[in-house]
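Q: Dumping the structure here so I can ask a few things about it.
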Amino acid sequence: MFNILPFVLIVLSLVIIVFVIVRKYPQLLLLDVDTLPEMKTARSKNKLIMRKSEQREKQYYANFKNKLTPFVKLLKKIQLAFRILVGKIERKVGENNKIVNGSSITREKIKEKVIASKDLVKDAQNDLQQEDYPTAEKKFLASLKYDPKNKEAYRGLATVYYAQNQIEEAKETYNFLLQLDPDDEDANVKLGEICEEEGNKEKAVEYYQQAVLTNPNNPERFLKIYDLLFYLKHYETAMEAIQQALDIEPQNPRYVDNFIETSIILKRKDLAEEGYKQLRMINPDNQKLEVFRQRIDEIKE
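Under full-length UniProt numbering, the letters of the sequence shown match residues 1 to 301, in that order.
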């Protein structure tokens with residue numbers, strides 16, 4: 001009897017504990033842990049940390065965006081270079097593959113690609129005449145993938161960009177054409193014209209000079225150089241340019257007129273007299289003869 005008493009007491013204790021838990025269980029379920037002071041403090045800290053993290057993230061993004069702006073502008077500038085180099089890069093990859101594979105492109109295949117490139121250029125030129133610039137651009141670029149050294153494709157592409165007022169792209173393309181052929185007269189002339197339009201007359205002179213080195217028999221090129229140098233007040237060099245034009249067309253009254261004008265400015269009475277005699281012989285009725293005569297007589301030797 002006394003031996004089982006402790007066991008009975010233990011059982012009764014367990015029953016009481018279970019009874020208390022069962023009665024309090026619904027209240028435990030309804031307990032809002034978030035309302036505890038400790039939890040409130042923890043949550044406040046988390047919110048503060050999150051808010052600071054978001055602020056840092058926004059600030060980082062803003063700084064990154066500001067730093068990225070110059071690179072975006074640079075990307076636009078090199079867009080054309082990327083387009084042009086695509087064909088060249090692909091060709092290099094192809095050459096590397098040839099070395100690895102131990103095979104080579106036959107002359108026949110090269111010939112086929114060159115022909116395909118020329119055909120695309122012809123089609124693109126027709127589109128260019130119709131002022132369908134987007135189509136023309138695509139075809140010129142496609143032709144360069146077949147033949148990366150097709151000068152007419154670059155020339156046409158530059159014309160497309162210029163026609164769409166994409167001046168920087170046009171300049172880049174003409175300069176790339178000059179890398180293929182530094183003596184390309186048309187590219188030098190076009191770049192000279194663009195520089196003139198931009199007001200960079202000194203640079204324009206450089207391009208026109210390169211053009212006359214390629215074709216020294218065009219007097220109008222020398223006249224253009226003369227006009228620019230005269231505007232820049234480089235009269236000595238301008239005189240050389242107009243003399244070159246006169247060497248090609250000595251009977252051109254406009255060239256003689258410019259020759260006399262520059263001689264008077266330089267106070268070269270001997271040259272002015274020579275030009276005056278020539279102009280009077282070419283066109284005795286020229287209305288400027290009388291004015292020139294007076295100005296020449298006023299030159300003090």
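The beta carbon of each residue, even a glycine, is placed where N, CA and C say it ideally should be.
Near Y146, what residues of its chain come up, given a Cβ to Cβ distance below 6 Å and the 5 sequence neighbours on each side ignored?
A: For the purposes of this step, residue 146 is taken as the residue at position 146 of the sequence shown. For Y146, where only same-chain residues beyond five positions count, the Cβ hits under 6 Å are K113, A116 and S117.
Q: Please report the residue range of the alpha helix (DSSP H) in which E249 lies.
A: Indexing the sequence shown from 1 puts residue 249 at position 249. Segment: none, E249 is in no alpha helix (DSSP H) and carries neither H nor E.
Q: G156: which of N252, E108, K149 and E137 sits nearest, CA to CA?
A: Working through the sequence shown from its first residue, we reach residue 156 at position 156. The option with the nearest alpha carbon to G156 is E137.
Q: Using 9 Å as the threshold, is the C-beta distance between G192 and E206 below it?
A: Taking the first residue of the sequence shown as position 1, residue 192 is located at position 192. Taking the first residue of the sequence shown as position 1, residue 206 is located at position 206. It is a contact, given that the beta carbons lie within the stated cut-off.
Q: Are there 16 or more other CB atoms within 10 angstroms of the CB of I264, so buried, or fewer, so exposed?
A: Locating residue 264 in the sequence shown gives position 264, counting from the first residue. Answer is buried; the Cβ neighbour count reaches 16.
Q: DSSP three-state label for P219, please.
A: Taking the sequence shown and counting its residues from 1, the one referred to as residue 219 is at position 219. P219: helix per DSSP, three-state reduction.
Q: At which residues does the alpha helix (DSSP H) containing T173 begin and terminate?
A: Indexing the sequence shown from 1 puts residue 173 at position 173. That run of the alpha helix (DSSP H) goes I167 to L180.
Q: Taking buried to mean at least 16 other C-beta atoms within 10 Å of its own C-beta, is I167 buried or exposed?
A: The residue given as residue 167 occupies position 167 in the sequence shown. That one is exposed.
Q: DSSP on N150, reduced to helix/strand/coil?
A: Residue numbering aside, residue 150 sits at position 150 when the sequence shown is read from its first letter. Of the three classes helix, strand and coil, the one that applies to N150 here is coil, per DSSP.
Q: Quick one: measure Cβ to Cβ for A158 and K139, integer angstroms, because I've assumed they're closer than 8 Å.
A: Residue numbering aside, residue 158 sits at position 158 when the sequence shown is read from its first letter. Residue numbering aside, residue 139 sits at position 139 when the sequence shown is read from its first letter. Contact flag wrong, Cβ pair sits at about 14 Å.
Q: Inspect the beta-carbon positions of K267 and I225 and report whether they are closer than 9 Å.
A: Residue mapping note: residue 267 aligns to position 267 of the sequence shown, counting from 1. Residue mapping note: residue 225 aligns to position 225 of the sequence shown, counting from 1. No. Outside cutoff.
Q: Could you have a look at L289 and say whether DSSP puts it in helix, strand or coil?
A: Start at 1 with the first residue of the sequence shown, and residue 289 comes out as number 289. Three-state DSSP puts L289 in a helix.
Q: How is N126 classed by DSSP in three states: helix, strand or coil?
A: To locate residue 126, count along the sequence shown from 1; it is residue 126. DSSP places N126 in helix when its eight states are reduced to three.
Q: Leaving out five residues before and five after A187 in sequence, what residues of the same chain have Cβ atoms less than 6 Å from its Cβ?
A: Here residue 187 corresponds to residue number 187 of the sequence shown, with the count starting at 1. Correct list, in chain order: Y174, L177 and L178.
Q: Alpha carbon to alpha carbon, how far is N200 from P148?
A: Translated into the one-based positions of the sequence shown, residue 200 becomes position 200. Translated into the one-based positions of the sequence shown, residue 148 becomes position 148. So the two alpha carbons sit approximately 31 Å from each other.
Q: Classify M281 as buried or exposed, calling it buried when 16 or more other Cβ atoms lie within 10 Å of its own Cβ.
A: Position 281 of the sequence shown holds residue 281. Burial call: exposed.
Q: Tell me the rounded alpha-carbon separation between I260 and L128.
A: Counting from one through the sequence shown, the residue named residue 260 turns up at place 260. Counting from one through the sequence shown, the residue named residue 128 turns up at place 128. If I take the Cα positions, the gap works out to 44 Å.
Q: In the DSSP assignment, find the alpha helix (DSSP H) that holds N188 and state where it starts and stops.
A: Here residue 188 refers to the residue found at position 188 of the sequence shown. Segment E185 to E197, the alpha helix (DSSP H) holding N188.
Q: So for I299, helix, strand or coil by DSSP?
A: On the sequence shown, position 299 is the one that residue 299 refers to. Of the three classes helix, strand and coil, the one that applies to I299 here is coil, per DSSP.
Q: Would you please state the rounded distance, in angstroms, between the beta carbons of L271 and L279? I believe it to be under 8 Å.
A: As a first step, residue 271 is located in the sequence shown; it is residue number 271 there, counting from the start. As a first step, residue 279 is located in the sequence shown; it is residue number 279 there, counting from the start. Contact flag wrong, Cβ pair sits at about 12 Å.
Q: Identify whether N200 lies in helix, strand or coil by the three-state DSSP scheme.
A: Numbered from 1 along the sequence shown, position 200 holds the residue referred to as residue 200. Note: N200 maps to coil in three-state DSSP.
Q: Please confirm if L246 has its CB atom under 9 Å from at least one CB of chain D.
A: Protein chains in the displayed structure number just one, and chain D is not present.
Q: Please report the distance separating the alpha-carbon of L223 from that of K109.
A: Here residue 223 is taken as the residue at index 223 of the sequence shown, counted from 1. Here residue 109 is taken as the residue at index 109 of the sequence shown, counted from 1. Each residue's Cα considered, the two are about 47 Å apart.
Q: Is T214 helix, strand or coil when you go by DSSP?
A: The count along the sequence shown starts at 1 and reaches residue 214 at position 214. Three-state result, T214: helix.
Q: Please state the DSSP three-state secondary structure of E206.
A: Locating residue 206 in the sequence shown gives position 206, counting from the first residue. Three-state DSSP puts E206 in a helix.
Q: If we ignore side chains and look at the alpha-carbon of each, how far apart do N150 and S143 end up?
A: By 1-based counting over the sequence shown, the position of residue 150 is 150. By 1-based counting over the sequence shown, the position of residue 143 is 143. The straight-line gap from Cα to Cα measures roughly 8 Å.
Q: If you follow the alpha helix (DSSP H) that E274 is part of, which residue opens it and which one closes it?
A: Counting from 1 along the sequence shown, the entry for residue 274 is found at position 274. Taken as a continuous stretch (DSSP letters only), the alpha helix (DSSP H) holding E274 covers K269 to I282.
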